[in-house]
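Here the protein sequences line up with chains A and B, keeping their order.
Under my numbering, think of the first position of the first sequence as 4, with each following residue one higher.
Under my numbering, think of the first position of the second sequence as 4, with each following residue one higher.
A quick write-up on the structure given underneath.
Protein chains: 2
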Amino acid sequence: MINIAVAQSGGPTCAINASLVGVFKESLKVPKIDAIFGSINGIEGIIDNHLVDMKSMILTNADIELLRQTPSTVLGSCRYKLPDWREDEEVYKKIVDTFKQRNIGAFFYIGGNDSMDTVNKLSEYVYEQGLDVKIIGIPKTIDNDLCITDHTPGFGSAAKYVATTMHEITRDSIVYSIPSVTIVEIMGRHAGWLTASSAVLHAMGETAPHLVYVPEIKFSLERFLADVRQEMSKHKAVIVAVSEGIEVPEGVQSGVVDNFGHKYLSGIGKYLEEIVRNEIGCKVRSVELNVMQRCSSHVGSKTDIDEAEAIGAAGVRCALEGNTGKVMVFKRVSDTPYTVVIDTAAANEIANNEKPLPRKYINSAGNNIRDFAIDYFMPLIQGDLQLVTEHGIPKHFAIHESVLK
Amino acid sequence: MINIAVAQSGGPTCAINASLVGVFKESLKVPKIDAIFGSINGIEGIIDNHLVDMKSMILTNADIELLRQTPSTVLGSCRYKLPDWREDEEVYKKIVDTFKQRNIGAFFYIGGNDSMDTVNKLSEYVYEQGLDVKIIGIPKTIDNDLCITDHTPGFGSAAKYVATTMHEITRDSIVYSIPSVTIVEIMGRHAGWLTASSAVLHAMGETAPHLVYVPEIKFSLERFLADVRQEMSKHKAVIVAVSEGIEVPEGVQSGVVDNFGHKYLSGIGKYLEEIVRNEIGCKVRSVELNVMQRCSSHVGSKTDIDEAEAIGAAGVRCALEGNTGKVMVFKRVSDTPYTVVIDTAAANEIANNEKPLPRKYINSAGNNIRDFAIDYFMPLIQGDLQLVTEHGIPKHFAIHESVLK
Chain A
4 MINIAVAQSG GPTCAINASL VGVFKESLKV PKIDAIFGSI NGIEGIIDNH
54 LVDMKSMILT NADIELLRQT PSTVLGSCRY KLPDWREDEE VYKKIVDTFK
104 QRNIGAFFYI GGNDSMDTVN KLSEYVYEQG LDVKIIGIPK TIDNDLCITD
154 HTPGFGSAAK YVATTMHEIT RDSIVYSIPS VTIVEIMGRH AGWLTASSAV
204 LHAMGETAPH LVYVPEIKFS LERFLADVRQ EMSKHKAVIV AVSEGIEVPE
254 GVQSGVVDNF GHKYLSGIGK YLEEIVRNEI GCKVRSVELN VMQRCSSHVG
304 SKTDIDEAEA IGAAGVRCAL EGNTGKVMVF KRVSDTPYTV VIDTAAANEI
354 ANNEKPLPRK YINSAGNNIR DFAIDYFMPL IQGDLQLVTE HGIPKHFAIH
404 ESVLK
Chain B
4 MINIAVAQSG GPTCAINASL VGVFKESLKV PKIDAIFGSI NGIEGIIDNH
54 LVDMKSMILT NADIELLRQT PSTVLGSCRY KLPDWREDEE VYKKIVDTFK
104 QRNIGAFFYI GGNDSMDTVN KLSEYVYEQG LDVKIIGIPK TIDNDLCITD
154 HTPGFGSAAK YVATTMHEIT RDSIVYSIPS VTIVEIMGRH AGWLTASSAV
204 LHAMGETAPH LVYVPEIKFS LERFLADVRQ EMSKHKAVIV AVSEGIEVPE
254 GVQSGVVDNF GHKYLSGIGK YLEEIVRNEI GCKVRSVELN VMQRCSSHVG
304 SKTDIDEAEA IGAAGVRCAL EGNTGKVMVF KRVSDTPYTV VIDTAAANEI
354 ANNEKPLPRK YINSAGNNIR DFAIDYFMPL IQGDLQLVTE HGIPKHFAIH
404 ESVLK
């Protein structure tokens with residue numbers, strides 16, 4: 004008999020608890036697995052031996068269903084990066100102490116780039132120590148920027164939120180008789196996947212978003228203003244999708260100073276709003292989709308949540324087959340009908356790398372997304388969740404906040 | 004035979020097209036009503052004789068269903084305030100010209116405070132001219148601040164969005180091991196109804212929102228900071244709901260200067276975020292629900308949309324009974340079971356007045372909402388819409404943007 008441990012790391016998504024459910028349900032099926040421990044606040048819970056017994060936390064099928072539809076990370080999260088174990092072994096010794104004391108035979112880490120670095124380093128260290136603990140990574144990030152995998156759990160739900168909301172903002176923006184510009188700021192510091200996904204609206208016959216700016220294309224304020232003027236000559240209400248991570252003059256995004264020399268309090272959307280107001284002088288509004296784009300599980304993608312659960316479960320089977328230092332990945336077999344299979348990749352191939360939006364998805368002017376790229380995004384946002392509600396609002400599963408302290 | 008005209012005015016909501024559907028469907032039933040004209044951009048369309056034939060725009064029951072679930076105002080909107088007709092008759096003459104030329108026997112104006120002022124003035128003028136055109140107001144506003152009516156169409160859907168989203172933001176905010184404050188800025192320049200509605204989460208066992216600030220209570224920065232410190236001693240992640248309209252030191256909200264003497268680019272949420280960062284020094288984030296709170300029909304309240312349609316239809320019956328200068332209102336018969344009837348009020352009693360959140364709904368400290376007030380809000384957010392979707396996203400009804408130009 005062995006016990007297993009599972010943890011969640013990095014920024015919240017709508018799908019990260021579904022992957023936890025996948026690990027949990029698959030582990031329940033395995034006779035040789037006894038306790039299922041949840042590590043509080045990612046790897047920090049393993050370091051500090053702060054674990055919860057998930058079988059005493061999740062008692063019923065109804066609990067499982069609620070957890071599956073709950074956004075964010077029920078076990079808390081962290082932004083902890085392990086040092087190189089060849090240089091600093093101290094924290095690794097604590098981890099190994101926990102593994103031994105709790106009789107952990109496998110550890111599943113649900114997270115993004117940084118978490119896969121943890122999977123990589125920890126699997127190496129444990130192997131060097133001759134300890135039989137399988138370390139498996141389960142991907143997640145709304146940024147969709149992990150290498151090798153076709154896409155990441157959490158991205159589909161975020162993309163569905165972005166497309167649904169951009170559609171509604173489009174309706175909202177066109178009501179008055181005067182011309183206007185609406186700038187929607189979307190998450191993605193280094194990769195434009197989520198911003199690009201807003202272009203699925205084109206498949207619904209919408210002309211919006213009229214302009215799309217992603218970090219993969221060098222940003223020019225002059226070009227931006229020319230683009231906006233050009234679109235204003237064609238449309239009364241121009242909708243612009245912009246990644247938070249596009250590069251603008253130094254200091255603007257750092258929170259230090261804006262280009263007027265003042266302390267700058269906001270993001271790129273507010274910055275471009277001011278530019279348009281000053282240079283074009285039309286009605287302009289900026290909208291930051293903020294944390295809603297990563298936590299709006301009320302509009303989650305069924306495809307995404309189902310896949311997130313499936314890839315968590317596959318991680319358990321992968322460990323039981325004797326693998327370690329692996330990350331579970333999706334391989335897309337076809338767009339239509341949409342077919343994916345789950346495979347594995349070496350953690351060191353995924354850790355610390357980023358997959359940018361392909362240049363071929365972006366038009367030659369660098370200011371919108373090509374139609375054929377929509378075939379990539381479209382399957383990921385399909386299907387609605389049948390949500391359990393209370394008082395008209397989707398219910399959530401939560402462990403008491405005192406446990407998270 | 005008469006024709007009728009209908010227009011939409013003020014800020015968009017999720018329910019304003021449902022009221023249009025109510026007017027349209029009820030009018031179709033009436034043999035003496037021939038053409039149903041939609042006025043483009045509110046009263047401006049009447050002034051400029053810019054009308055569309057709605058029967059040639061809405062062709063099928065499927066069109067009606069789509070329009071019903073489409074947020075914002077399909078006919079465009081305006082912020083036009085009529086002058087006193089005793090002082091300036093010119094624009095009234097244009098309106099009367101349109102009424103006569105189009106053989107309009109009744110005009111339905113869907114809008115908020117300002118629109119009810121239009122209903123009031125226009126009904127007086129038309130009556131003075133001896134013209135038989137019935138002028139009826141159909142209420143709408145997410146602010147819920149119209150007098151006499153128990154609540155306004157559009158408010159329930161906005162409240163459902165706010166509660167659902169605050170619930171998700173609560174999950175999102177608690178993941179890291181360090182203490183944090185999240186400030187959610189909610190619409191409402193003069194009335195705190197929508198901000199207060201976030202307190203329905205308390206009925207779901209949530210401690211969030213831990214603090215609620217509305218314009219009805221004089222705001223004090225010192226009290227605010229003391230409140231936040233107090234809540235931080237009890238909760239790891241403190242969630243604050245704040246109305247955009249609370250009064251803070253002069254200039255902050257005017258967009259002129261912040262209290263550091265700099266040009267201030269953002270709203271109250273960002274302002275309070277900076278205050279907390281500077282004075283308390285903890286992790287802090289502000290979230291502006293922005294236009295999403297008024298246009299997120301994907302999470303609309305079925306109660307709200309059904310009522311919006313019903314009150315539009317009732318407006319047509321009211322006009323046919325010979326009334327003019329009236330506004331349709333809801334009267335609540337009971338909370339449980341939730342029962343409302345539709346009645347009328349004189350437009351001059353509703354125009355230019357605002358109904359604040361009652362003091363009794365607010366706790367004695369002035370920083371949260373009392374439990375019994377939840378009985379008022381709860382029925383308004385009940386029920387989900389069965390949305391028609393395309394490519395996984397709710398479909399919308401839209402007239403070509405060239406018509407709106």
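Even for Gly, the Cβ is constructed at its ideal location relative to N, Cα and C.
At the C-beta level, residue 220(A) and residue 190(A) stay beyond 9 Å of one another.
In this structure, residue 206(A) and residue 377(A) form a Cβ contact; the two beta carbons are roughly 5 Å apart against a cut-off of 8 Å.
Of 209(B), 181(B), 167(B) and 404(B), the smallest CA-CA separation from residue 385(B) is found for 167(B). Listed along the chain, the chain B residues whose CB falls inside 8 Å of the CB of residue 71(A) amount to none; the nearest CB is some 13 Å away. No Cβ-Cβ contact shorter than 9 Å links residue 197(A) with residue 240(A).
Residue pairing of residue 331(B) in beta bridges, as defined by DSSP: 347(B).
Taking each of 200(A), 122(A), 187(A) and 329(A) in turn and checking the Cα distance to residue 88(A), the smallest one comes out for 122(A).
DSSP places residue 272(B) in the uninterrupted alpha helix (DSSP H) bounded by 271 to 282. Counting the other CB atoms within 10 Å of its CB gives residue 325(A) a total below 16, which places it among the exposed residues.
Residues 45, 46 and 47 of the same chain have their beta carbon placed closer than 7 Å to that of residue 83(A), with the five preceding and five following residues left out of the count. For residue 120(B), not one C-beta of chain A is nearer than 9 Å to its own C-beta. By the neighbour-count criterion, in which 16 or more other beta carbons inside 10 Å mark a residue as buried, residue 134(B) falls on the exposed side.
In this structure, DSSP gives residue 123(A) a helical state, which the three-state scheme calls helix. Close CB contacts of residue 273(B) within its chain, under the 6 Å cut and outside five residues either way in sequence, are with 289 (chain order).
DSSP, reduced to helix, strand and coil, places residue 65(A) within a helical segment of the structure shown. In summary, the residues of the segment 35 to 69 of chain B whose CB is separated from some CB of chain A by less than 7 Å are 44 and 47, in the order they occur in the chain. For the pair residue 102(B) and residue 139(B), the CB atoms are not nearer than the 9 Å cut-off.
In this structure residue 29(A) does not touch residue 294(A) by the C-beta definition: roughly 30 Å separates them, more than the 8 Å allowed.
Taking every protein chain shown into account, the CB of residue 389(B) has fewer than 16 other CB atoms within 10 angstroms, so this residue is exposed. With a threshold of 9 Å between beta carbons, residue 80(B) makes contact with chain A. Annotation for residue 151(B): 332, 348, 352 and 353 place their beta carbon closer than 7 Å to its own, counting only its chain and skipping 5 residues before and after. For residue 106(A), there is no enclosing beta strand (DSSP E), as DSSP gives it neither H nor E.
Annotation for residue 18(A): 143, 156, 157, 160, 307, 308 and 311 place their beta carbon closer than 7 Å to its own, counting only its chain and skipping 5 residues before and after. Residue contact check for residue 171(B) against chain A: a CB pair falls below 9 Å. Below the 8 Å Cβ cutoff, chain A contributes 175 as neighbours of residue 297(B), in chain order. When only Cα atoms are considered, residue 303(B) and residue 73(A) end up about 20 Å apart. In the three-state reduction of the DSSP assignment, residue 6(B) falls in the strand class. Put simply, the CB of residue 248(B) is far from chain A, with every gap to its CB atoms at 9 Å or more. DSSP, reduced to helix, strand and coil, places residue 402(B) outside both helices and strands of the structure shown, so it counts as coil. Rounded to whole angstroms, the gap between the alpha carbons of residue 178(B) and residue 184(A) is 35 Å. Those residues of the segment 185 to 214 of chain A placed with their C-beta closer than 7 Å to a C-beta in chain B are 203, 206 and 207, ordered along the chain. A straight-line Cα-Cα distance of about 15 Å links residue 215(B) and residue 193(B). For residue 4(A), same chain residues with a beta-carbon under 7 Å away, outside a window of 5 residues either side, are 35 and 37 in chain order.
When 7 Å is used as the limit between beta carbons, residue 163(A) is near these residues of chain B: 395, in chain order. Fully contained in the segment 34 to 79 of chain B are the following beta strand (DSSP E) runs of length 3 or more, in chain order: 36 to 42 and 54 to 56. In terms of beta-carbon proximity, residue 386(B) lines the interface with chain A, with at least one pair separated by less than 9 Å.
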